[in-house]
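J.:
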Amino acid sequence: MGNSIKRSAEEVLGHEPRIKRKPWFNEQCKEAIADRDKARLRVVQDPTEENKRRLAIRQREAKRIIRTNKRIWKKEKMKEIEDNRKNKTRIFFEKANEVRRSFKPRHTMIRMEDGALLTENDKIAKAFKNIRLEWAGHVWRSGGPIGLATGWKPDTRRPRGRPRQRWKDRITKDASRLGVNDGKEIAQDRDRWRQVVAAAMDLNGP
């Protein structure tokens with residue numbers, strides 16, 4: 001049954017190979033997740049208080065290990081970015097893009113927080129606006145490598161021709177359509193920015 005559903009979905013939506021997007025997710029993280037899943041299975045099979053207690057421990061441990069490895073990876077990337085920022089522009093952008101790609105959602109369908117699965121292009125486009133603005137708020141509040149990479153301006157002349165649309169150009173356009181012209185300032189207030197992000201789901205167009 002499961003394979004039939006999967007084949008039907010691939011015929012309709014197309015198949016896109018899975019790409020690893022979490023370079024900080026190492027063997028230690030995999031083992032922690034596996035231990036957590038085993039503990040969860042034991043609770044399903046035998047929901048005793050002891051098994052529930054062990055599951056809670058495994059869940060906390062998995063979160064701690066994942067958070068630690070992610071923090072270490074971000075610090076290492078921040079150091080690489082800072083080392084290459086002054087006189088190695090090409091390497092700087094490569095490292096900066098590596099950080100940004102690790103968080104960039106790339107799907108032909110999206111599962112929303114409420115569990116709804118979006119497959120229609122117009123709904124996916126609206127969801128991406130929502131995701132972009134939510135991520136922009138995170139970047140504007142961040143003092144880490146992502147904020148550094150996004151805010152850095154090279155002391156060089158741009159190439160000839162029409163400039164490529166940047167990530168922040170899309171953010172500025174979407175925010176402007178919502179009547180927001182000082183997004184970076186508003187994003188510091190999480191509650192206000194959540195209202196902006198929610199409103200993005202009503203925007204039409206790319």
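Letter 120 of the sequence shown, counting from 1, is numbered 120 in the UniProt record's numbering, and no numbers are missing.
Ideal placement from N, C-alpha and C gives every residue a C-beta, glycine not left out.
Need the endpoints of the alpha helix (DSSP H) that L178 sits in, please.
T.: Looking at the DSSP string, L178 is not in any alpha helix (DSSP H), and its letter there is neither H nor E.
J.: Of the residues N69, A127, I171, A125, which one's Cα is nearest the Cα of V139?
T.: Closest option to V139, Cα to Cα, is I171.
J.: Between I72, D37, W135, which lies nearest to A56 when the distance is taken from Cα to Cα?
T.: When each option's Cα is compared against that of A56, the closest is D37.
J.: Looking only at its chain, what residues have a beta carbon closer than 8 Å to the beta carbon of E61, apart from the 5 residues adjacent to it on each side?
T.: Cβ neighbours of E61 beyond the five flanking positions: A32, D35, R36.
J.: Tell me the DSSP secondary structure of N26 in three-state form.
T.: DSSP places N26 in coil when its eight states are reduced to three.
J.: Over what stretch of residues does the alpha helix (DSSP H) that includes A198 continue unbroken?
T.: Element bounds for A198: 190 to 199.
J.: Once the 5 residues before and after K70 are set aside, which same chain residues still bring their CB inside 7 Å of it?
T.: Closer than 7 Å at Cβ, skipping near neighbours: W24.
J.: Mapping the DSSP letters down to three states, classify A187 as helix, strand or coil.
T.: In the structure shown, A187 sits in coil (DSSP, three-state: anything other than H, G, I, E or B).
J.: Near D189, what residues of its chain come up, given a Cβ to Cβ distance below 7 Å and the 5 sequence neighbours on each side ignored?
T.: Nothing listed; no residue qualifies.
J.: So for D35, helix, strand or coil by DSSP?
T.: Helix, per DSSP.
J.: CA-CA distance, E185 and V197?
T.: Cα-Cα distance, rounded: 14 Å.
J.: Is the Cβ-Cβ distance between A136 and A187 less than 8 Å?
T.: Yes, these two residues count as a Cβ contact at 8 Å.
J.: Does any residue of chain D have a CB that is nearer than 8 Å to the CB of R58?
T.: No chain D is part of this structure, which consists of one protein chain only.
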